[in-house]
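Protein sequences, first through last, are from chains A and B. The first sequence begins at 28 in this note's numbering and counts up by one. The second sequence begins at 28 in this note's numbering and counts up by one. For every residue, glycine included, the Cβ atom is placed at its ideal position computed from N, Cα and C. As the structure is a prediction and not an experimental result, all values here were calculated from the model.
Number of protein chains: 2
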Amino acid sequence: MTDCEKYLRENRQRLQQEFLGFLGIPSISALPQNQGDVRRAAEWLVRRLEAAGVAGARLLDTRAQPVIYAEWLQAPCKPTALIYGHYDVQPADPLDLWTTPPFQPTIRAGRIYARGASDMKSGIVQAVDAVEALLRTTGRLPINVKFFFEGQEEMGSPQAPAFVAANKELLACDLILNADSSQWGENEPALLVGLRGICAMECTVVSANTDMHSGLYGGAVPNANHILSELVASLHRPDGSVAVAGFYDDVAPLSRQERERIAAVPFDEEEFRRDLGLAEAVGEPGYSTLEREWARPTLDVSGLWGGFIGEGIKTVIPKEAHAKLSCRLVPNQDPAKILDLLDAHLAAHVSRGAKVTTRHEEGMVQAYLVPVDHPGTRAARDVLLEMYGKEPYYIRMGGSVPILDIFLRELGAYAIPFGFSLPDERVHAPDEFYRVASFERGQLAFCKILVRLGAG
Amino acid sequence: MTDCEKYLRENRQRLQQEFLGFLGIPSISALPQNQGDVRRAAEWLVRRLEAAGVAGARLLDTRAQPVIYAEWLQAPCKPTALIYGHYDVQPADPLDLWTTPPFQPTIRAGRIYARGASDMKSGIVQAVDAVEALLRTTGRLPINVKFFFEGQEEMGSPQAPAFVAANKELLACDLILNADSSQWGENEPALLVGLRGICAMECTVVSANTDMHSGLYGGAVPNANHILSELVASLHRPDGSVAVAGFYDDVAPLSRQERERIAAVPFDEEEFRRDLGLAEAVGEPGYSTLEREWARPTLDVSGLWGGFIGEGIKTVIPKEAHAKLSCRLVPNQDPAKILDLLDAHLAAHVSRGAKVTTRHEEGMVQAYLVPVDHPGTRAARDVLLEMYGKEPYYIRMGGSVPILDIFLRELGAYAIPFGFSLPDERVHAPDEFYRVASFERGQLAFCKILVRLGAG
Numbered sequence: 028m029t030d031c032e033k034y035l036r037e038n039r040q041r042l043q044q045e046f047l048g049f050l051g052i053p054s055i056s057a058l059p060q061n062q063g064d065v066r067r068a069a070e071w072l073v074r075r076l077e078a079a080g081v082a083g084a085r086l087l088d089t090r091a092q093p094v095i096y097a098e099w100l101q102a103p104c105k106p107t108a109l110i111y112g113h114y115d116v117q118p119a120d121p122l123d124l125w126t127t128p129p130f131q132p133t134i135r136a137g138r139i140y141a142r143g144a145s146d147m148k149s150g151i152v153q154a155v156d157a158v159e160a161l162l163r164t165t166g167r168l169p170i171n172v173k174f175f176f177e178g179q180e181e182m183g184s185p186q187a188p189a190f191v192a193a194n195k196e197l198l199a200c201d202l203i204l205n206a207d208s209s210q211w212g213e214n215e216p217a218l219l220v221g222l223r224g225i226c227a228m229e230c231t232v233v234s235a236n237t238d239m240h241s242g243l244y245g246g247a248v249p250n251a252n253h254i255l256s257e258l259v260a261s262l263h264r265p266d267g268s269v270a271v272a273g274f275y276d277d278v279a280p281l282s283r284q285e286r287e288r289i290a291a292v293p294f295d296e297e298e299f300r301r302d303l304g305l306a307e308a309v310g311e312p313g314y315s316t317l318e319r320e321w322a323r324p325t326l327d328v329s330g331l332w333g334g335f336i337g338e339g340i341k342t343v344i345p346k347e348a349h350a351k352l353s354c355r356l357v358p359n360q361d362p363a364k365i366l367d368l369l370d371a372h373l374a375a376h377v378s379r380g381a382k383v384t385t386r387h388e389e390g391m392v393q394a395y396l397v398p399v400d401h402p403g404t405r406a407a408r409d410v411l412l413e414m415y416g417k418e419p420y421y422i423r424m425g426g427s428v429p430i431l432d433i434f435l436r437e438l439g440a441y442a443i444p445f446g447f448s449l450p451d452e453r454v455h456a457p458d459e460f461y462r463v464a465s466f467e468r469g470q471l472a473f474c475k476i477l478v479r480l481g482a483g
Numbered sequence: 028m029t030d031c032e033k034y035l036r037e038n039r040q041r042l043q044q045e046f047l048g049f050l051g052i053p054s055i056s057a058l059p060q061n062q063g064d065v066r067r068a069a070e071w072l073v074r075r076l077e078a079a080g081v082a083g084a085r086l087l088d089t090r091a092q093p094v095i096y097a098e099w100l101q102a103p104c105k106p107t108a109l110i111y112g113h114y115d116v117q118p119a120d121p122l123d124l125w126t127t128p129p130f131q132p133t134i135r136a137g138r139i140y141a142r143g144a145s146d147m148k149s150g151i152v153q154a155v156d157a158v159e160a161l162l163r164t165t166g167r168l169p170i171n172v173k174f175f176f177e178g179q180e181e182m183g184s185p186q187a188p189a190f191v192a193a194n195k196e197l198l199a200c201d202l203i204l205n206a207d208s209s210q211w212g213e214n215e216p217a218l219l220v221g222l223r224g225i226c227a228m229e230c231t232v233v234s235a236n237t238d239m240h241s242g243l244y245g246g247a248v249p250n251a252n253h254i255l256s257e258l259v260a261s262l263h264r265p266d267g268s269v270a271v272a273g274f275y276d277d278v279a280p281l282s283r284q285e286r287e288r289i290a291a292v293p294f295d296e297e298e299f300r301r302d303l304g305l306a307e308a309v310g311e312p313g314y315s316t317l318e319r320e321w322a323r324p325t326l327d328v329s330g331l332w333g334g335f336i337g338e339g340i341k342t343v344i345p346k347e348a349h350a351k352l353s354c355r356l357v358p359n360q361d362p363a364k365i366l367d368l369l370d371a372h373l374a375a376h377v378s379r380g381a382k383v384t385t386r387h388e389e390g391m392v393q394a395y396l397v398p399v400d401h402p403g404t405r406a407a408r409d410v411l412l413e414m415y416g417k418e419p420y421y422i423r424m425g426g427s428v429p430i431l432d433i434f435l436r437e438l439g440a441y442a443i444p445f446g447f448s449l450p451d452e453r454v455h456a457p458d459e460f461y462r463v464a465s466f467e468r469g470q471l472a473f474c475k476i477l478v479r480l481g482a483g
């Protein structure tokens, strides 16, 4: 047993009590009445960092929920890791579905029940506890460490892009340890190495200058609903692949190794279909469901409307109809170029006589892929292998996490997922919980990865 | 000059004043605060009929706006005509767009400005004036006449079907003279001989048991918006015709004569397109615009919706999507059968794995076609020819007028259009008006058609 491990074991009760105290602060970023609590949680963290031995921890004002910044930079010639997390939580309603109140943390059968227990106060506290253990037992850290804890992740981090861009020097690092992460199962480690990008637009078809009575005009005038439906139908081939010319041109093909890594992830197709009520899995031919979700680009119409959509009948032929289109993108696809290809497709396929216009949405995000041989990925893999006794799955996620893209763009640094939440912990829902065992495993894992990064 | 004509001329001032008095009653059926006025207008009509010489005119209670019924049945062996009209009017707002108040009838430059002047108190009063003239000058009417004036047409005649069905004996007749009609132009007579029918349904596509996150699941699950769009696109052929199997099977083909009659109606294709802002006329190949509007069946999607249709972006893959379908039908098409054909088409064309359900809407209406050789049509044609000095256009309308279908079904009698409104009279809009000349023409025309029906 290392000194660090011993320290964590000896201080187990105190560290757990401190964690419960932090969970007791209802730092709900989205609710106006909780803004004082958000600040209290931020101040709690500053004090906690100081107590752990990180001098100079401070609140940085963002004109909204504050950022906590701290640093320990006394390891010359060693890399610098930025530990990222968020201390804000989701609203807790419906309150009556909680077995015990969301901000009165309660331990039952080895589980800590509280809003934010899994998502993700645990991750922050584990990292700080690990730093304390290392500082107390060795007097120093194996690498340079910066802390960046934000307080508005649960409301979409509206100020994060500008904040990171304005504080590049302060946040400069070699890699990010993203404590807002999870494992595959209690005994199954995983490393999130890829995310899809996103781009979106709204499309409007106009076919006349007025809505028309379907009795008086029906049969002799164009119907915007028909035209839009034809356009939407034209976006995909019958086999489910995207029919937009050039859509796949820049897609980095999946390597044999990437496919093998995805195939190694346990996935129950039958359960997947049953859960979602699908009669059959669908999608691009030649790819598995996980490949389709994680590593292939998509085009989905998330919204569609035109004409009369209220109760009953209104016999109208609409002059216009609308669709919201969004694409999930994979490495090497350029969001802006994809939107241009979509524009060209729509213009080429719209019925003669009708006009189609589009509005490109803000917030395009490139796909994100952490190199598997990145030193951070290797270090995380080694720690997980040691702690779980088995290789982690290399997983991806079909969604987008804008903050990771911002870090990469602004700081030039990849984020290594390093968190210990599990999929069953009722994140964003009543009775959210986190396992005591995960908490202790996370503390130790953070010690180990800092040591390993220092040795690399 | 006939005695009748002379009588009308001699009583011109009084009859016009009476008409203006009737127009002054704001009998707006749709507004609760005007229900007393509706009743006042009904009572005015009863007194007016009595004064005209029709004894026993009375209000029939419908538990809503009353029906006025009256009869003169002293012409044995002669046919019976039911004169139909409505004494209720549309709301008059926006009031500030009226040059003179809507219920202070004002004559300017040969036009009577008031709400209800064109639609259609004029038609009722003309018929009653004609009856008065005939009774006063000849002591009798050339045929048996019944009067059926309703007070809820402008709100869709909700009680009419049940009322007519419950009063078949009372309303029994050989033909209906529909005073709620119009001519083509000041010097161009027209006879409305056809209306399209209607049937409608709402269609729902379900592809999963839950909405899904487009990032997490996109590419591996069906999207109800895509499936619905494909279904809607499948409803028409590229040439604009309806692709539903069997849709045209029962359609009575247009005869050469019918097509000639439609072609004789003046129609400016260029103006039609400009008015509606259409780049080009579209529709079933082989038919003119008027044929498409009047005499060919259609299928229009009047409403379409699925997924997120609010402001901004919500990255959802919808589990369901909806469309409102309505068909305009032509003679020999059965509305219920058409809806069944639509059901079969949707079931056959929906993507594998998705479910489509439909709800057939109430209020199906058969297409309506008055035989051109019907005695009433012939009489109306003869009167119009005599009064205008030219043959009337035989026009149709693409919409549906449910009351005519009700009369045909319940009473077995066709409705002969016999009204003198003109298309420019701002019906349902501010500054609605009716021409003094049309009023006097209408009085005389009603005398003439009753005489002609008696001679037939």
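Is it true that the CB of residue j sits closer than 8 Å to the CB of residue i?
i: A/Q117; j: A/I55; result: yes
i: B/S353; j: A/I340; result: yes
i: A/G380; j: A/P265; result: no
i: A/H113; j: A/D207; result: yes
i: A/L258; j: A/H376; result: yes
i: B/A406; j: B/L480; result: yes
i: A/P345; j: A/G333; result: yes
Out of the options, state which residue places its alpha-carbon closest to the alpha-carbon of residue i.
i: A/R454; options: A/P106, A/D146, A/R283 and A/G80; result: According to the sequence as given, residue 454 of chain A is Val; it is not Arg. A/V454 has its Cα closest to that of A/D146, out of A/P106, A/D146, A/R283 and A/G80.
i: B/E213; options: B/V259, B/Y395, B/S465 and B/V478; result: B/S465
i: B/D451; options: B/P444, B/F445 and B/F460; result: B/F460
i: A/L326; options: B/T133, B/T404 and B/G242; result: B/G242
i: B/V81; options: B/C474, B/R163 and B/T133; result: B/R163
i: A/A350; options: A/R319, A/N38 and A/L262; result: A/L262
i: B/E413; options: B/I95, B/A472 and B/V343; result: B/A472
i: B/E98; options: B/T89, B/A84 and B/Y111; result: B/A84
i: A/G150; options: A/T107, A/G221 and A/F175; result: A/F175
i: A/P457; options: A/L122, A/L100 and A/Q101; result: A/L122
i: A/A394; options: A/D361, A/E37 and A/S209; result: A/D361
i: B/F46; options: B/E32, B/F130, B/A119 and B/E437; result: B/F130
i: B/I422; options: B/L72, B/G304 and B/A322; result: B/A322
i: A/K148; options: A/L477, A/T126, A/Q470 and A/K475; result: A/Q470
i: A/I110; options: A/L50, A/E70, A/E77 and A/V152; result: A/V152
i: B/V191; options: B/E437, B/P444 and B/Y441; result: B/E437
If the cut is a Cβ gap below 8 Å, which residues of chain A does residue i touch?
i: B/L281; result: Residues of chain A passing the Cβ test: none, with the nearest at roughly 13 Å.
i: B/H263; result: H253
i: B/T127; result: Per Cβ cutoff of 8 Å: no residues; B/T127 is ~29 Å from chain A at best.
What in chain A is Cβ-close to residue i, meaning under 7 Å?
i: B/H240; result: G426
i: B/F335; result: S329, G330 and K351
i: B/G310; result: G246 and A247
Could you give the C-beta distance for residue i and residue j, rounded to a whole number, given that I count them as a contact under 8 Å?
i: B/G267; j: B/E311; result: 5 Å
i: A/V392; j: A/A279; result: With 8 Å as the limit, A/V392 and A/A279 do not qualify as a contact, their Cβ atoms being about 16 Å apart.
i: B/S378; j: B/I254; result: 5 Å
What residues of chain A sit near residue i, judged by a beta carbon separation below 9 Å?
i: B/S448; result: Per Cβ cutoff of 9 Å: no residues; B/S448 is ~16 Å from chain A at best.
Using a Cβ cut-off of 8 Å, pull out every chain B residue sitting near residue i, in sequence order please.
i: A/I344; result: D327 and S329
Would you mind telling me which residues of chain B sit closer than 9 Å to residue i, beta carbon to beta carbon, in chain order?
i: A/L236; result: Before going further, note that residue 236 of chain A is Asn rather than Leu in the sequence given. Those are D302, L303, G304 and L305, listed as they occur along chain B.
i: A/K4; result: This structure gives no information on residue 4 of chain A, because the portion of chain A shown stretches from 28 to 483.
i: A/L243; result: E320, M424, G425 and G426
Run down chain B in chain order and give the residues with a C-beta less than 7 Å from the C-beta of residue i.
i: A/A260; result: S256, E257 and A260
i: A/E388; result: I340
(message) As an exercise, report each continuous alpha helix (DSSP H) stretch of at least 4 residues that is fully enclosed by the stretch 152 to 194 of chain B, in chain order.
(response) Within the stretch 152 to 194 of chain B, the alpha helix (DSSP H) runs of at least 4 residues that lie entirely inside it are, in chain order, 187 to 193.
(request) Just list the alpha helix (DSSP H) runs in the stretch 293 to 370 of chain A, keeping only unbroken ones of 4 residues or longer that don't cross its boundaries, in chain order. (result) 296 to 303 and 316 to 322
(request) At 3 residues or longer, and completely inside the stretch 38 to 109 of chain A: list those beta strand (DSSP E) runs for me, N to C. (result) The DSSP assignment places 85 to 87 and 94 to 99 as complete runs of the beta strand (DSSP E) inside the stretch 38 to 109 of chain A, in order along the chain (cut-off: 3 residues).
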